[in-house]
Amino acid sequence: MQNEIHPYYQEQDVVPFIQSKGIVVQCWYPLGGRGHTSELLGNETIAEIASAHGVSPAQVILRWDLQRGIVVIPGSGNPDHIRENLDLFGFELTAEEMKKIRSLDRNEKHDWY
Ligand SMILES: NC(=O)c1ccc[n+]([C@@H]2O[C@H](COP(=O)([O-])OP(=O)(O)OC[C@H]3O[C@@H](n4cnc5c(N)ncnc54)[C@H](OP(=O)(O)O)[C@@H]3O)[C@@H](O)[C@H]2O)c1
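With the first letter of the sequence shown counted as 1, position 98 gets the number 90 in the working numbering; the numbers rise by one all the way through.
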């Protein structure tokens, strides 16, 4: 099941429900979608967590998805970004950091398909 999912639109009830049926959730617009990425990548909470792990805000968001058991599909035409977006397995977000990102939810959808 593919759905829009990012820290400002988390689908907190929908994701565990779909997963409880044995269905894999994939997320599109993980970084907010084009035109919205600066809001998410510039978020203070995400930037603080990134700094604590020595990674980028994009990596924090993508790692947060993986730790929720969600397959993540970031879009990029930049080879440096693509390499960065694959480098998600050398750090782990703490339960407290996961909770902080959870608190950023605004039910703010950026597109309709
Ligand atoms: N199933 C559906 O209905 C559906 C709907 C929408 C989208 N999608 C798919 O979902 C995927 C993602 O969508 P999207 O690309 O529109 O949104 P996105 O992944 O949220 O955002 C992509 C934007 O983030 C930038 N970016 C990527 N990695 C970055 C990094 N490490 N640091 C800084 N900026 C970074 C990209 O710029 P650069 O190119 O400069 O890296 C691009 O502007 C695509 O494959 C798309 O086809 C599916």
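In this text, a Cβ means the ideal position worked out from N, Cα and C, and glycines have one as well.
Assuming Asp79 and Gln59 form a contact by the criterion Cβ under 8 Å, report the distance between their Cβ atoms to the nearest whole angstrom. In the sequence shown, residue 79 corresponds to position 87, counting from 1. In the sequence shown, residue 59 corresponds to position 67, counting from 1. In this structure Asp79 is not in contact with Gln59, their Cβ atoms being roughly 15 Å apart against a cut-off of 8 Å.
Given a threshold of 16 other Cβ atoms within 10 Å of its Cβ, counted over all protein chains shown, does Pro66 qualify as buried or as exposed? Here residue 66 corresponds to residue number 74 of the sequence shown, with the count starting at 1. Buried: at least 16 other Cβ atoms inside 10 Å.
Rounded C-beta distance between Thr37 and Lys92? I'm assuming under 8 Å. Along the sequence shown, read from residue 1 onward, the residue named residue 37 stands at position 45. Along the sequence shown, read from residue 1 onward, the residue named residue 92 stands at position 100. That belief holds up - the Cβ atoms of Thr37 and Lys92 are roughly 5 Å apart, short of 8 Å.
Through-space distance from Trp104 to Gln11, alpha-carbon basis: Residue numbering aside, residue 11 sits at position 19 when the sequence shown is read from its first letter. Residue numbering aside, residue 104 sits at position 112 when the sequence shown is read from its first letter. Distance between Gln11 and Trp104, taken at the CA atoms: about 22 Å.
Under 7 Å Cβ to Cβ from Ser48, same chain only, skipping five residues before and after it: list those, please. One-based indexing of the sequence shown puts residue 48 at position 56. Excluding positions up to five away in sequence, the list reads Ala42, Glu76.
Can you give the Cα-Cα distance for Leu23 and Val63, rounded to whole angstroms? Position 31 of the sequence shown, counted from the first residue, corresponds to residue 23. Position 71 of the sequence shown, counted from the first residue, corresponds to residue 63. Between Leu23 and Val63, the C-alpha separation is close to 13 Å.
Apart from the five residues on each side of it in sequence, which residues of its chain come closer than 8 Å, Cβ to Cβ, to Met(-7)? The residue labelled residue -7 in the question sits at position 1 within the sequence shown. In its chain, beyond the 5 residues on either side, Ile10, Ile15, Val16, Val17, Gln18 have a beta carbon closer than 8 Å to the beta carbon of Met(-7).
If you run the structure through DSSP and keep just helix, strand and coil, what is Gln59? Position 67 of the sequence shown holds residue 59. Residue state, collapsed to three classes: helix.
Do you know how far the Cα of Pro(-1) is from the Cα of Arg94? Locating residue 94 in the sequence shown gives position 102, where the first residue counts as 1. Locating residue -1 in the sequence shown gives position 7, where the first residue counts as 1. So the two alpha carbons sit approximately 7 Å from each other.
Is the beta carbon of Glu89 sitting closer than 8 Å to the one on Tyr1? Against the sequence shown, residue 89 aligns to sequence position 97. Against the sequence shown, residue 1 aligns to sequence position 9. Cβ distance not < 8 Å, so Glu89 and Tyr1 don't count as in contact.
Within 10 Å of its beta-carbon, does Ile74 have 16 or more other beta-carbons around it, so buried, or fewer, so exposed? Position 82 of the sequence shown, counted from the start, is the residue given in the question as residue 74. Exposed, because fewer than 16 other Cβ atoms sit within 10 Å of the Cβ of Ile74.
Beta-carbon proximity list for Glu176, same chain, < 7 Å, skipping 5 on both sides: The structure shown has nothing for residue 176, since the chain only spans -7 to 105.
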